[in-house]
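Below: one structure, written as structure tokens.
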Amino acid sequence: MTIDVSLNIRQLIDTNTNEFVTVFSLFSTVGTIDSEEVENFQKLAAEWWNPCGPLKPLHSMNKLRIPLVRDGLINEGCIASVHVRTSTPLKGMSVLDVGCGGGILSEPLARLGAVVTGLDATSNALDVARKHAKDNNLAINYMCSSVEEFSQNNIGKFDAVVASEVVDHFGFTEHVTEKASFIAACSKCLKPSGSIFITTLNDTFLAHFLGVWMAENMLSLVPRGTHQSEKFVKPHQLQRILEDNGLRTKLMHGMIYNFVTNNWSWSSNRSINYAMHAVKNADL
1 MTIDVSLNIR
11 QLIDTNTNEF
21 VTVFSLFSTV
31 GTIDSEEVEN
41 FQKLAAEWWN
51 PCGPLKPLHS
61 MNKLRIPLVR
71 DGLINEGCIA
81 SVHVRTSTPL
91 KGMSVLDVGC
101 GGGILSEPLA
111 RLGAVVTGLD
121 ATSNALDVAR
131 KHAKDNNLAI
141 NYMCSSVEEF
151 SQNNIGKFDA
161 VVASEVVDHF
171 GFTEHVTEKA
181 SFIAACSKCL
191 KPSGSIFITT
201 LNDTFLAHFL
211 GVWMAENMLS
221 LVPRGTHQSE
231 KFVKPHQLQR
241 ILEDNGLRTK
251 LMHGMIYNFV
261 TNNWSWSSNR
271 SINYAMHAVK
281 NADL
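The letter at position 162 of the sequence shown is residue 162 when you use the UniProt record's numbering, and the numbering goes up by one with no holes.
Listed below in structure tokens is the structure:
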């Protein structure tokens, strides 16, 4: 039995494109690690599981992130039909959550049946993640590592890699991009035909204005220095990096955040935040 759930995401698009929003990210850094950013996130250890605290956009973003991963894997035929309509549709699927922080995304993925490994460079956040998972009887393997280091001994082991609000923390150097190194490592961890799911900020005036100036300087929604706007990336640039690493883009959606209602919605407008799903070539 084949079940097409693609409309679960697509039917929500285009309904909120004219909404005025403030969008930002405040998440843990991995990959080519920036020690200054890690230090900033260490200070937030006590706030990870406060749904009304400075990380509340992460909590509410799960409304979009969980269906993105679940439906993407179902549509790729990775999930047995017997599991699709159960409470654990990801049963047995190996998922790597890169930049997992305190486990805000790792835990709901585990509850859906996934075998989750969480990577992060922030040791304090991982301490919080481990304790919270233990308190909730969830078996999640948390590791303090960059994905580049982790990938060396974990080639082709995962059905899916999730990198949510992480890519925008890596910048471009003159000849080689840190983003390319990061994506290459993520791809290395994937099985052939495995999926990568990414959410990040676009490199536009609107994203810089709302995500940095408004969120940090004017409204103080997040600490100053949370974002380094020169590291934002345009969708076509990210798509090219994915393709260079044998990853074919399947879906690309805009995301909008209403800071008044703390609500995320899908949109056809990608000018601020966007999400991508790409699949690794079967012969890699």
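Ideal placement from N, C-alpha and C gives every residue a C-beta, glycine not left out.
- Counting only residues of its own chain and dropping the five nearest sequence neighbours on each side, Ile66 has a CB closer than 6 Å to the CB of Pro108.
- 8 Å or more divides the Cβ of Val69 from the Cβ of Ser193.
- The beta carbons of Ser265 and Ile256 sit closer together than 8 Å.
- Residue pairing by DSSP puts Cys144 in a beta bridge opposite Asp120.
- Per the coordinates, the alpha-carbon of Asp168 lies some 31 Å from the alpha-carbon of Asn136.
- CA-CA distance, Val84 to Leu73, rounds to 10 Å.
- Residue pairing for Trp266: DSSP places it in a beta bridge opposite Met255.
- For Val84, the enclosing alpha helix (DSSP H) covers residues 81 to 84.
- Here Gly211 is actually not in contact with Leu190; their C-beta atoms are around 29 Å apart, not less than 8 Å.
- Between His253 and Ser195, the beta carbon gap of about 15 Å keeps them out of contact (Cβ cut-off 8 Å).
- Relative to the Cα of Asp203, the nearest Cα in the group Leu64, Leu238, Ala184 belongs to Leu238.
- Segment contact: the segment 78 to 92 against the segment 57 to 66, fewer than three CB-CB distances shorter than 8 Å; contact not assigned.
- Beta bridge pairing from DSSP links His277 with Phe197, Leu251.
- Membership of Leu96 in any alpha helix (DSSP H) is not indicated; the residue belongs instead to the beta strand (DSSP E) covering 94 to 98.
- According to the DSSP assignment, Ala163 belongs to no alpha helix (DSSP H) but to the beta strand (DSSP E) extending over 158 to 164.
- Pro67 carries a helical assignment under DSSP once its states are collapsed to helix, strand and coil.
- Between Ile104 and Leu58, the C-beta gap is smaller than 8 Å, which places the two residues in contact.
- For Cys189, the uninterrupted alpha helix (DSSP H) segment begins and ends at 178 to 189.
- Val147 counts as buried, since no fewer than 16 other beta carbons sit within 10 angstroms of its beta carbon.
- With a threshold of 16 other beta carbon atoms within 10 Å, Thr261 falls short and is exposed.
- Note that the C-beta distance between Val128 and Val115 is not below 8 Å.
- Among the bridge pairs identified by DSSP, Val233 is matched with none.
- By the Cβ neighbour-count rule, Phe232 is buried, with 16 or more other Cβ atoms within 10 Å of its own.
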